[in-house]
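Scroll down for the structure; my scribbles are underneath it.
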Amino acid sequence: MLLLSPTEEDAGGKRHVLSHSKSLSDLSLFSPPPTHPSIFYGSASITPPGYLQAHRPSTNITYTFTPNVNVPNCMVLSPPSYVGHPHSPYWISVSMNCFTPSSYITTIRRSSLDGELVGDFELGISAVKKPTLCIRGNEYFLSDVLESNHRLFRNAWCYRVTDTERTVCIYWDEMSNNGAIACFSSKDKTVTNLLARFLPPVYLRKQGRSQQYTRLEVTPIGHDFLDDIVMSALIIERMRTTPSVRGLPKS
């Protein structure tokens, strides 16, 4: 296949075909400037349409929270070893706020303990310091992001984060009395809208039986919101298991 070469004009007005020996770097001078993805795709996101869908797995994947024996106060959320999947493991660590010892910061990073920062949140039992959440570089008061709906038998939560790229809105609902909660893409909590299920252990450790760890089962569509699913699941579980100031024993 032949490539048609542009032409150039000399001082005498004669037009000459550029030599085929011209390098590609020379030809690039005649090319239009590159277009920023935000202009090309008509949005502020640098992610092309369909990119997330292309990286969805074909079936549900169950991730497991396992403690890291080499690092104190750290656990790793990772898929099964046999799954070839583009999402890297999440490294989750907890540290104390030195100014407020009753408040703890949970930090989530990708791939390793010093990998890419996904976000963090801070929760405590202080009645003065407001809980906060930071994700994708933006920090919010937790009360502006997570809405709790406490019911007689089953609780529900709405998690909504709006940033420069998009708004993520997901809904969590208690499934049963064993502590499991389910995440949906809308208030219409149906199987077709299911994004993930957070599954704590259902039995105690017993000699001769392998230890059961907390799991996170994620649907193919749920992988489009995996960072927010992991973040909100950790926040909700922390809130459910943290005693209130009133519930603390008196000295």
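Numbering-wise (UniProt numbering), the sequence shown opens with residue 1 and increments by one.
Glycine residues also receive a C-beta, built at the ideal position from the N, C-alpha and C atoms.
Please return the same chain residues whose Cβ sits closer than 8 Å to the Cβ of residue i, not counting the five positions on each side in sequence.
i: valine 69; result: none
i: methionine 96; result: Ser103, Tyr104 and Ile105
i: tyrosine 171; result: Ala156, Trp157, Cys158, Tyr159, Cys183, Phe184, Ser185, Ser186, Lys187 and Lys189
i: valine 94; result: Asn73, Cys74, Tyr104, Ile105, Thr106 and Thr107
i: leucine 226; result: His87 and Val218
i: glutamate 139; result: Thr132 and Leu133
Could you check the C-alpha separation between residue i and residue j for me, to the nearest Å?
i: threonine 162; j: leucine 133; result: 12 Å
i: leucine 123; j: threonine 192; result: 33 Å
i: serine 73; j: phenylalanine 99; result: Reading off the sequence, residue 73 comes out as asparagine, not serine. Looking at the two C-alpha atoms, the distance is approximately 19 Å.
i: leucine 204; j: glutamine 211; result: 8 Å
i: cysteine 183; j: isoleucine 236; result: 11 Å
i: residue 252; j: alanine 233; result: Absent from the structure is residue 252, since the part of the chain shown begins at 1 and ends at 251.
i: arginine 238; j: threonine 59; result: 28 Å
i: isoleucine 209; j: glutamate 165; result: Before going further, note that residue 209 is arginine rather than isoleucine in the sequence given. Between arginine 209 and glutamate 165, the C-alpha separation is close to 46 Å.
i: histidine 150; j: proline 67; result: 31 Å
i: arginine 160; j: valine 202; result: 29 Å
i: phenylalanine 141; j: glutamine 207; result: 44 Å
i: alanine 156; j: proline 57; result: 28 Å
i: arginine 197; j: asparagine 177; result: 14 Å
i: valine 71; j: glutamate 116; result: 18 Å
i: lysine 130; j: serine 143; result: 8 Å
i: glycine 179; j: leucine 77; result: 19 Å
i: aspartate 114; j: serine 88; result: 13 Å
i: glutamate 147; j: isoleucine 181; result: 15 Å
i: methionine 175; j: leucine 216; result: 14 Å
Exposed or buried, what is residue i when buried is set at 16 or more other beta-carbons lying within 10 Å of its beta-carbon?
i: histidine 55; result: exposed
i: arginine 109; result: buried
i: serine 185; result: buried
i: threonine 219; result: buried
i: leucine 152; result: exposed
i: arginine 154; result: exposed
i: tyrosine 82; result: exposed
i: proline 243; result: exposed
For residue i, which residues of its own chain have a beta-carbon under 6 Å away from its beta-carbon, when the five flanking residues on both sides are left out?
i: arginine 240; result: none
i: aspartate 228; result: Val168
i: lysine 189; result: Asp173
i: isoleucine 92; result: Met75 and Ile108
i: threonine 35; result: With a pLDDT of 40 at threonine 35, under the threshold of 50, the modelled position of this residue cannot be trusted, and the question is left open.
Measure how close the beta-carbons of residue i and residue j come, nearest whole angstrom, since I'm counting them as under 8 Å.
i: leucine 195; j: glycine 222; result: 4 Å
i: valine 118; j: tyrosine 90; result: 7 Å
i: phenylalanine 65; j: threonine 214; result: 4 Å
i: methionine 231; j: isoleucine 135; result: 6 Å
Between which residues of its own chain and residue i is the CB-CB distance below 7 Å, once the five residues before and five after are set aside?
i: glycine 137; result: none
i: serine 112; result: Trp91
Let me see if you follow: with CB-CB separation under 8 Å, is residue i close to chain D or not?
i: alanine 180; result: The question asks about chain D, but that chain is absent: this structure has only one protein chain.
Between residue i and the ligand ATP, is the CB less than 7 Å from at least one heavy atom?
i: tyrosine 159; result: The ligand ATP is not among the ligands present in this structure, which contains no ligands whatsoever.
4 or more residues per run - each alpha helix (DSSP H) lying fully within the UniProt domain "DUF6593" (102–240): 142–145
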